[in-house]
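Chains as they are written, first to last, in this note's numbering: chain A, 504 to 812; chain B, 19 to 156. Working notes, beginning with the structure itself.
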Ligand code: SF4
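As C-alpha cells, this is what we get:
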C-alpha cells in the first residue's frame with residue numbers, strides 16, 4: 504500500500520514539476536525576448552515543443568551504445584524528479600533527515616552525469632568535445648556551489664538538514680540578512696547558473712561551435728526528456744537557493760505561499776538577467792572564474808560566518 | 019487534426035542547409051532570426067543539429083559535391099520533416115541553371131514541400147511562404 508502511495512506521489516510530483524518547469528522556462532524565454540526588443544514566443548511554446556518531440560522519430564546512431572543511449576535521458580529525468588519530490592516534501596515539513604542537504608548535492612549532480620553518459624554513448628566527435636566541457640564545467644561550479652551551501656548550514660546552527668535550516672530562518676530571519684549571507688547568495692546564484700547550463704556557461708551545448716554538443720545525436724522524445732530535465736532543474740535549483748538563503752516565512756499558509764512564489768520568481772529573474780547580459784565564456788575562463796574569484800569569496804564567506812558576521 | 023501535428027505547426031525547429039548558394043539567400047535567412055523579424059513568435063528557432071530539426075531550409079543550386087551530403091542530412095533528420103527550397107536557385111536553378119556544376123534543382127535529390135522563389139527572397143516573403151504552408155498543412 505505504502506509503495507503504491509509513494510509511486511503515485513512520485514508521478515504526481517513529476518507532472519506538477521514539469522508543468523511548472525515548462526511554464527517558468529517560457530517566462531525565461533519571454534524575458535529574454537523582451538530584453539532583445541522582440542515579441543517572444545506564446546505561453547504554450549514549451550509544451551508544444553515537448554508534444555512535438557514526442558511525435559518525432561527516434562534515431563539511434565550506428566556506432567553508439569544503444570542501451571546507454573536510451574537509458575541516460577531517463578536517468579536524468581528520474582533523478583531531477585526525485586530532487587523535486589524531496590523538495591516538495593521538505594517544504595511541507597513532513598519529510599527530512601539529518602544529511603538530506605548532502606543527499607541533495609549528490610542528486611543534483613546526476614542530471615549532468617546523465618548528459619555526459621548520453622553524449623559519450625552516442626559515438627559522435629562533437630559530442631565528445633561537449634562531454635569533456637561538461638565534465639570540466641561540473642568540476643568547476645561544484646566547488647563554489649558547495650561553499651555556498653556550507654555558509655547557510657553553519658549559520659543555521661551547523662546542521663545538514665534542510666528542515667532545520669527552514670526552521671532556523673523562521674525564528675531568526677533569512678540567512679541573506681548579513682554580510683556573509685550576501686556573499687554566499689551571490690556565489691550560489693552564479694554557480695546555479697552554471698548548474699542549469701544556461702548562457703554564460705552553456706559551453707557544453709554551444710550551438711554555434713559544436714552544434715549542440717553532447718545532445719547532438721538525440722532526437723525525438725529522448726531529446727524531449729533532456730529538455731524536461733532542464734525544465735525541472737529550473738524549478739528545483741532556484742527553490743533550493745530560496746530555502747537556503749531567502750527562507751523565513753511559513754509556506755503552508757496562503758500568504759506565505761505567495762511570498763515564497765515571489766522569492767522564487769525573483770531568483771529565476773536574476774538567473775535570466777545574468778544569462779542575458781553575459782557572453783559565453785571559454786572553458787579555461789570558466790574554470791579560472793569558478794575556482795579563482797568565486798571560491799576565494801566563498802572561503803572568505805565561510806570564515807566570516809564562523810566569526811559570526 | 020491531431021495534437022501532435024498541431025504541436026509540430028507551433029514549434030518548427032529549423033536547420034539551415036546551404037547547398038552551393040551564392041550566400042545571399044543565407045544572409046536573408048540569418049536576417050529572419052534577428053529581433054526585427056523575430057520568428058520565435060511562431061515558435062521557430064534555429065536548431066544546431068539536423069537530428070533536432072523539423073524543417074530543412076535549403077538554399078542554392080545543388081552542386082555535384084553536395085548531392086551525397088544533402089541526401090545524408092535528409093536521412094539524418096527525424097521524420098516528419100519539411101523541406102523548404104529557398105531562392106530561385108533551389109527552386110529551379112536560377113541563373114546557374116546551365117552551369118557545369120549543376121546537379122539538379124533540389125527536388126531532383128530530395129522531396130521538397132515548399133518553394134520560395136526570389137533572388138534572394140525577402141525575409142518577409144520567406145515568412146509568408148512558411149505561414150501559408152502551415153495553413154495548408156493537414
Ligand atoms: S537564388 Fe539568387 S541569391 Fe539565392 S543563392 Fe541563388 S543566386 Fe544567390
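Just so it is clear, CB atoms sit at the ideal spot from N, CA and C, and this is done for glycine as well.
Residue i: contacting residues in chain A (beta-carbon distance under 8 Å)
i: residue 94 of chain B; result: 562
i: residue 51 of chain B; result: Within 8 Å Cβ-Cβ: nothing; residue 51 of chain B doesn't reach chain A, min ~10 Å.
i: residue 2 of chain B; result: With chain B running from 19 to 156 in the structure shown, residue 2 of chain B is simply not present.
i: residue 106 of chain B; result: Neighbours of residue 106 of chain B on chain A: none; closest Cβ ~29 Å, over 8 Å.
Own chain residues within Cβ distance below 8 Å of residue i, not counting five before or after
i: residue 566 of chain A; result: 626
i: residue 557 of chain A; result: 723, 724 and 727
i: residue 575 of chain A; result: 617, 618, 620, 621 and 624
i: residue 40 of chain B; result: 78 and 107
i: residue 98 of chain B; result: 26 and 72
i: residue 708 of chain A; result: 633, 700, 715, 716, 717 and 718
Closer than 8 Å: residue i CB and nearest the ligand SF4 heavy atom
i: residue 777 of chain A; result: no
i: residue 703 of chain A; result: no
i: residue 112 of chain B; result: yes
i: residue 81 of chain B; result: no
i: residue 106 of chain B; result: yes
i: residue 42 of chain B; result: yes
i: residue 137 of chain B; result: yes
i: residue 78 of chain B; result: yes
i: residue 695 of chain A; result: no
i: residue 582 of chain A; result: no
i: residue 143 of chain B; result: no
i: residue 39 of chain B; result: yes
Chain-ordered neighbours of residue i on chain B, where CB pairs are closer than 7 Å
i: residue 721 of chain A; result: 69
i: residue 552 of chain A; result: 29
i: residue 569 of chain A; result: Near residue 569 of chain A there are no residues of chain B at all, since even the closest Cβ is about 16 Å away, more than 7 Å.
i: residue 714 of chain A; result: 66 and 67
Residues that residue i contacts on chain A, provided the C-beta gap is smaller than 7 Å
i: residue 44 of chain B; result: Neighbours of residue 44 of chain B on chain A: none; closest Cβ ~15 Å, over 7 Å.
i: residue 56 of chain B; result: 541 and 542
i: residue 97 of chain B; result: 560
Neighbouring residues, chain B, relative to residue i (Cβ below 8 Å)
i: residue 726 of chain A; result: 69 and 70
i: residue 595 of chain A; result: Near residue 595 of chain A there are no residues of chain B at all, since even the closest Cβ is about 34 Å away, more than 8 Å.
i: residue 583 of chain A; result: None at all; the shortest Cβ gap to chain B is about 20 Å.
i: residue 555 of chain A; result: 22, 25, 26, 28, 29 and 72
Spatial neighbours of residue i in its chain, beta-carbon cut-off 7 Å, leaving aside the 5 residues before and after
i: residue 739 of chain A; result: 583, 586, 587 and 590
i: residue 580 of chain A; result: 728, 731 and 732
i: residue 130 of chain B; result: 101, 103 and 124
i: residue 106 of chain B; result: 112, 135, 136 and 137
i: residue 890 of chain A; result: Given a span of 504 to 812 for chain A in the structure shown, any question on residue 890 of chain A remains unanswerable.
i: residue 696 of chain A; result: 703, 704, 774, 777 and 778
i: residue 655 of chain A; result: 668, 678, 687, 747 and 748
Neighbourhood of residue i by C-beta distance below 6 Å, restricted to the same chain and skipping five residues each side
i: residue 134 of chain B; result: 104, 144 and 147
i: residue 122 of chain B; result: 80
i: residue 734 of chain A; result: 524, 525 and 528
i: residue 70 of chain B; result: 31
Status (buried if at least 16 other CB within 10 Å, exposed otherwise) for residue i
i: residue 54 of chain B; result: exposed
i: residue 788 of chain A; result: exposed
i: residue 678 of chain A; result: buried
i: residue 737 of chain A; result: buried
i: residue 525 of chain A; result: buried
i: residue 48 of chain B; result: exposed
i: residue 796 of chain A; result: exposed
i: residue 782 of chain A; result: exposed
i: residue 763 of chain A; result: buried
i: residue 521 of chain A; result: buried
i: residue 549 of chain A; result: buried
i: residue 149 of chain B; result: exposed
i: residue 766 of chain A; result: buried
i: residue 684 of chain A; result: buried
i: residue 158 of chain B; result: Since the displayed chain B opens at 19 and closes at 156, residue 158 of chain B lies outside it and no answer follows.
i: residue 506 of chain A; result: exposed
i: residue 636 of chain A; result: buried
i: residue 132 of chain B; result: buried
Residue i Cβ short of 8 Å to the ligand NAD heavy atom set
i: residue 62 of chain B; result: The ligand NAD is not part of this structure, which contains only the ligand SF4.
Cross-chain neighbours of residue i in chain B, by beta carbon under 9 Å
i: residue 656 of chain A; result: Neighbours of residue 656 of chain A on chain B: none; closest Cβ ~39 Å, over 9 Å.
* Using a Cβ-Cβ cut-off of less than 9 Å, give me the residues of the stretch 20-49 of chain B that come near chain A, in sequence order. => Against chain A - using a Cβ distance shorter than 9 Å - the residues of the stretch 20-49 of chain B are 20, 21, 22, 23, 24, 25, 26, 27, 28, 29, 30 and 31.
* Note down, in chain order, all residues in the stretch 663-689 of chain A with a beta-carbon under 9 Å from any beta-carbon belonging to chain B. => Going along the stretch 663-689 of chain A in chain order, one finds no residue with a Cβ nearer than 9 Å to chain B.
* Near-chain A residues of the stretch 123-152 of chain B - C-beta to any C-beta below 9 Å -> Per Cβ criterion, the list is empty.
* Residues in the stretch 517-541 of chain A having any Cβ partner in chain D nearer than 8 Å -> Annotation note: the requested chain D is absent from the structure, which comprises protein chains A and B.
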